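FYI, in this note's numbering the residues of the sequence shown are 444 to 970. We put the CB at the ideal spot given by N, CA and C, even for glycine. All of these numbers come straight from a predicted model, not from anything done at the bench. One structure is given below, encoded as structure tokens.
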Amino acid sequence: MSSVKNKTIELGVWAFLSKFLGGLRELLLARFIGAGVFSDAFFTAFNLINSLRSVFADGALGVSSLPTIVRLVSAGDKKIACGLISLLLFFFESVIFFVCGLGIWFAPQIIFVFQPGFSPETIALAIPFFRLLMPMIFFITANAILTTALHSVNHFTVPAMSPTILNIFFLVGIFGAYFCNSYFLIPMALSINLLCVFLVAGVIVQFILHLIMYFKQGFIFCCINRRVFNNFKTVINVFWPSVIGASIGQFNFLIDTRFASYLQAGSVSLISYANKFVDLPLTVFASSFATIMLPSFSRVALEDEEELSFLVQESFKLILWVTLPMTLFFFVFAEKFFTTMLVSKRFTLEQAVEAGMIFKTLAIGIFALALQKIVANIYYSKNQNYIITISGLSTLFINVLLNNLLVKNYGAMGLTFATTVSQTSQTLILVFLLQSKFGVTFNIKSLSRFLFKVSLQMLLGALLFGAAYLVVNKFIMFTIPESIKFFLLNQFGYWLWVGPLSCLLGLFFLISRKSFGINLFFMDGEF
Numbered sequence: 444m445s446s447v448k449n450k451t452i453e454l455g456v457w458a459f460l461s462k463f464l465g466g467l468r469e470l471l472l473a474r475f476i477g478a479g480v481f482s483d484a485f486f487t488a489f490n491l492i493n494s495l496r497s498v499f500a501d502g503a504l505g506v507s508s509l510p511t512i513v514r515l516v517s518a519g520d521k522k523i524a525c526g527l528i529s530l531l532l533f534f535f536e537s538v539i540f541f542v543c544g545l546g547i548w549f550a551p552q553i554i555f556v557f558q559p560g561f562s563p564e565t566i567a568l569a570i571p572f573f574r575l576l577m578p579m580i581f582f583i584t585a586n587a588i589l590t591t592a593l594h595s596v597n598h599f600t601v602p603a604m605s606p607t608i609l610n611i612f613f614l615v616g617i618f619g620a621y622f623c624n625s626y627f628l629i630p631m632a633l634s635i636n637l638l639c640v641f642l643v644a645g646v647i648v649q650f651i652l653h654l655i656m657y658f659k660q661g662f663i664f665c666c667i668n669r670r671v672f673n674n675f676k677t678v679i680n681v682f683w684p685s686v687i688g689a690s691i692g693q694f695n696f697l698i699d700t701r702f703a704s705y706l707q708a709g710s711v712s713l714i715s716y717a718n719k720f721v722d723l724p725l726t727v728f729a730s731s732f733a734t735i736m737l738p739s740f741s742r743v744a745l746e747d748e749e750e751l752s753f754l755v756q757e758s759f760k761l762i763l764w765v766t767l768p769m770t771l772f773f774f775v776f777a778e779k780f781f782t783t784m785l786v787s788k789r790f791t792l793e794q795a796v797e798a799g800m801i802f803k804t805l806a807i808g809i810f811a812l813a814l815q816k817i818v819a820n821i822y823y824s825k826n827q828n829y830i831i832t833i834s835g836l837s838t839l840f841i842n843v844l845l846n847n848l849l850v851k852n853y854g855a856m857g858l859t860f861a862t863t864v865s866q867t868s869q870t871l872i873l874v875f876l877l878q879s880k881f882g883v884t885f886n887i888k889s890l891s892r893f894l895f896k897v898s899l900q901m902l903l904g905a906l907l908f909g910a911a912y913l914v915v916n917k918f919i920m921f922t923i924p925e926s927i928k929f930f931l932l933n934q935f936g937y938w939l940w941v942g943p944l945s946c947l948l949g950l951f952f953l954i955s956r957k958s959f960g961i962n963l964f965f966m967d968g969e970f
């Protein structure tokens, strides 16, 4: 069997490429539509589509169907698995077709319900964007079902590269919209409509690639019999309780933006930008690792539950080692990133500073969110989805309560901090229940020693990085001409020297790991 490490790296590379393009996408979006009524309208439509994706595709559908399909494929019942996939496609695509129709017809009411604080102008702008983007969910759901089939036979490449394809279409759409608006003087609203069309085209191409690989892996679409229907009922019985649990993060985000709609124009956009950038490490590492581990947890659930404690503890250690330095780096450089990269005619310095503060409140929760992705998969693999749902509902309540308490004095930053607190509380609940539900135990002494070693490595790394940063900064301050100095300290040029220093810091963490006695099973062993 291929190692978890190699598969995680493969997915991580694709995820990094996708998120690199996604980061470039957000930078270009910020410069093109800024943070105002147009960006608020576009992000509202796009975020609602992402919420539907979380409900019907990326979240509940995948985690509820994968254990059943893995079981069928592992038992040699691939024809039954094909029948199940066929039935899932027919059922969910029929539902989604109906949902798309309702969404297009009732777009004004939907926008108002989720963004009641918007001005009539912003709502009017968001309606056509939402209607144009609505067909995306039809193809995204089909892609999710086909992805589940591919994951069951340990094929991860096409699903992993799909976001990169969509981001390419996104970037082409941004450039097209920019040229239409800037050179052909087409109104901004119509130019953004063109961007929406490119996004729909992107998911259609994704669907075609998934379909081709589906057939290449020996899957077919076949007739439905009683065994197929019985397995379908198993999936559906798991799916419905999973809908809320798998979508809690997106629901919390929608709650934040609903409160933000009452704040000044651009607040929804600032929250959206910060969320997109903080999602980078979660997708590059945590989501890739979680995707690989779900089939593994499913097999352990079927074969040997005693391995769970070991796998959970090693997952915890890997996540801790990766996310703690990342969180510290993001917290230190958040405001500098937004002020050097996003400031433009449509994105003010004040908005960039606020976006950096919002980003900080989200970054402090990276470890908890990464751990949650792994821990949640244990519950999914054992069909205990209702626990995710119940804990998720409690976090929604906490988020709404804290939003009401913090929004008046802290604005958008208070909203995102409330989300971080609520999602961290869900992670703590899920970790605590691992012992009572599945007998998972943690070696506290071993984890304490591990944390101490990681802290020492981080301390030395921070000292070395800080010294190098000061040397280069002083060199620029006292030797570089004024015309170039501003570019290197306050614009994109800042990252031309901080970026390489950051890469060297990451290389230091990787190379010095063994010297600090930091042993990681998923990097050193085979699974």
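Using a C-beta cut-off of 8 Å, the segment 482–494 makes contact with the segment 688–704, since at least three inter-stretch Cβ pairs fall below that distance. In its chain, beyond the 5 residues on either side, A703 and A855 have a beta carbon closer than 6 Å to the beta carbon of S710.
Rounded to whole angstroms, the separation of the alpha carbons of N636 and I655 is 30 Å.
A distance below 6 Å between beta-carbons, with the five flanking residues on each side excluded, links R789 to the following residues of its chain, in chain order: G477.
Beta-bridge analysis with DSSP links S787 to F790. For M631, the CB contacts under 8 Å within the same chain, skipping 5 residues up- and downstream, are I476, F481 and N624 in chain order.
In this structure, the alpha-carbon of N673 lies about 43 Å from that of A806. Nearest to R574 by C-alpha distance, out of I547, F555 and Y621, is I547. With fewer than 16 neighbouring CB atoms inside 10 Å of its own CB, K888 falls in the exposed class.
In this structure, DSSP gives Y626 a state outside helix and strand, which the three-state scheme calls coil. Within the same chain, and ignoring the five residues on either side of C525 in sequence, the residues whose Cβ sits closer than 6 Å to its Cβ are F662, I663 and C665. The shortest CA-to-CA distance from H653 to any of L939, S595, A518 and A587 is the one to A587.
Boundaries for A708: no alpha helix (DSSP H) harbours it, and the DSSP string shows neither H nor E there.
When C-beta atoms of the segment 778–787 are compared with those of the segment 909–920, fewer than three pairs fall below 8 Å, so the two segments do not count as touching. Across the structure, A569 and I923 are spaced so that their CA atoms are roughly 47 Å apart. Rounded to the nearest whole angstrom, the CA to CA distance from S958 to L593 is 39 Å. The DSSP-derived three-state label of P924 is coil. By the criterion of a C-beta distance shorter than 8 Å, I553 is surrounded in its chain by L491, G546 and F573, once the five residues flanking it on both sides are discounted. T487 is classed as buried because its beta carbon has at least 16 other beta carbons within 10 Å across all chains shown. With contacts defined by Cβ atoms closer than 8 Å, Q900 and S955 form a contacting pair. If the five residues before and after L792 are omitted, its C-beta is found closer than 8 Å to the C-beta atoms of T782 and V786, all from its own chain and listed in chain order. Apart from the 5 residues on each side of it in sequence, C639 sits with its Cβ closer than 7 Å to the Cβ of F572, L575 and L576 in its chain, given in chain order. In the structure shown, L903 adopts helical secondary structure according to DSSP, grouped into three states. By the Cβ rule, the segment 863–883 counts as touching the segment 836–849, because three or more pairs are nearer than 8 Å. Ranked by how close their Cα comes to the Cα of N680, the residues S508, F612 and V556 have S508 in first place. Going by beta carbons, F499 and I528 fall outside the 8 Å limit. G526 carries a helical assignment under DSSP once its states are collapsed to helix, strand and coil. Of L939, L906, A567 and V542, the smallest CA-CA separation from F952 is found for L906. Taking each of L609, A644 and L763 in turn and checking the Cα distance to S891, the smallest one comes out for L763. Taking the C-beta atoms as reference points, F581 is found no nearer than 8 Å to F613. Around the beta carbon of N610, a 10 Å sphere encloses 16 or more other beta carbons of the protein chains shown; the residue is thus reported as buried. Shortest Cα-Cα distance from F773 to any of S605, A717 and Q878 involves A717.
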